[in-house]
Amino acid sequence: MLRFGTAGIPHSAKGLGTVEGISEVRKLGLEAFELEFVHSVNISEEGTVKVSEVAKKNDVVLTCHGQYYINLNAAEEKKYEASKQRVLRAAHIANLCGAVSVTFHPGFYLKSSKEYAYRKVKEALKEIVDKLKQENNKIWVRPETTGKHSQFGNLKEILQLSQELEQVQPCIDYAHMRAREGKNSKQEFASIIEEIEKALGRKALDNMHIQFAGVNFSEKGELNHLTLKDSDLKYEEMVETWKDFNIKGVAISESPNIEEDALFLKEIYEK
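Taking our numbering, I'd label the letters of the sequence shown as residues 24 to 294.
Here it is in structure tokens:
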């Protein structure tokens, strides 16, 4: 099953909390919800109990988006260590909530070579996974395909990390893939899934974490998200490939009109 959901609390539940947001997602006819820890981890350990309960009660699968202030290739040791701790904190709270995966933007190349950045990000992710294993935390760690050329995280890099590290899988952000790698045809959308299957096997297609939105971009990459209908993203062809390959997992809307586009794409998918 491919479950559709929102990145954070739906607009129809504006002003309410995470628990109410999860309930609202189900009322809307959606089946997934991404906990947004992008500025801070805003759920306490005590608060995770209610979040977990309401998600189970409503059969809503939870994922989590970690903080924006993460750079696993930071030159300064203090920032490097803080970035690892931010991923770990998000993974800890998300796991207590019952979330299946934590995604995040892994970092920036800065002045380093791509090869150096890869080695450093891989080293950080291995430390993160080792720590999670010590805590018996089996949440999937999902570095995201990123939208700017200055950011670490093209598809090849994310797939290689997923091949080489346990408990690591990709988060495929289609807006970022459009902005950075230009992918916007059925053939190109199919090639994304084919590359995932070639690198990680069929099991990866049965355990996908997808983010989608329209996107405004320049030659440097992503500028901002747009609604699907306001963008040039060929979303119908994108969805066709999901059906062709019978992928399973979650597809999270990051559009400015989050629940509207989640429902819109779900409707196309179910045709």
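Yeah, the Cβ is synthetic: ideal placement off N, Cα and C, and Gly gets one too.
For the structure I just gave you, are there three or more beta carbon pairs, one from the segment 242–251 and one from the segment 91–108, closer than 8 Å? no
Could you work out which residue in K257, H199, A285, P279 is closest to E167 when comparing CA atoms only? H199
Cα-Cα separation between Q210 and K257, rounded to whole angstroms: 11 Å
Report the residue from K171, C120, A105 whose alpha carbon sits nearest the alpha carbon of E150. For the options K171, C120, A105, the alpha carbon positioned closest to that of E150 is the one of A105.
Helix, strand or coil, according to DSSP, for I162 in the structure here? coil
Assuming E57 contacts G28 under a Cβ cut-off of 8 Å, what Cβ separation, rounded to an integer in Å, is found between them? 6 Å
Between the beta-carbon of S74 and the beta-carbon of C120, is there less than 8 Å? The question names Ser, but residue 74 is Val in the sequence shown. Yes, Cβ-Cβ distance for V74 and C120 is below 8 Å.
Is the distance from the Cβ of G130 to the Cβ of F175 below 8 Å? G130 is a Cβ neighbour of F175, given a cutoff of 8 Å.
For G224, count neighbouring C-beta atoms within 10 Å of its own C-beta (all shown protein chains included) and say buried if the count is 16 or more, exposed if not. exposed
Could you tell me the alpha carbon to alpha carbon distance between F240 and S254, rounded to whole angstroms? 10 Å
Looking only at its chain, what residues have a beta carbon closer than 7 Å to the beta carbon of N118, apart from the 5 residues adjacent to it on each side? N160, I162
Under 8 Å between C-beta atoms, does V77 make it to chain D? No chain D is part of this structure, which consists of one protein chain only.
For the alpha helix (DSSP H) that T169 lies in, which residues bound it at each end? Taken as a continuous stretch (DSSP letters only), T169 belongs to no alpha helix (DSSP H), as it is neither H nor E.
Just to confirm my understanding: we take K145, look at its own chain, exclude 5 residues before and 5 after, and list those with CB closer than 8 Å. What are they? L184, E187, L188
Helix, strand or coil for Q190, going by three-state DSSP, please let me know. coil
Assigned exposure category for H62 - 16 Cβ within 10 Å defines buried: exposed
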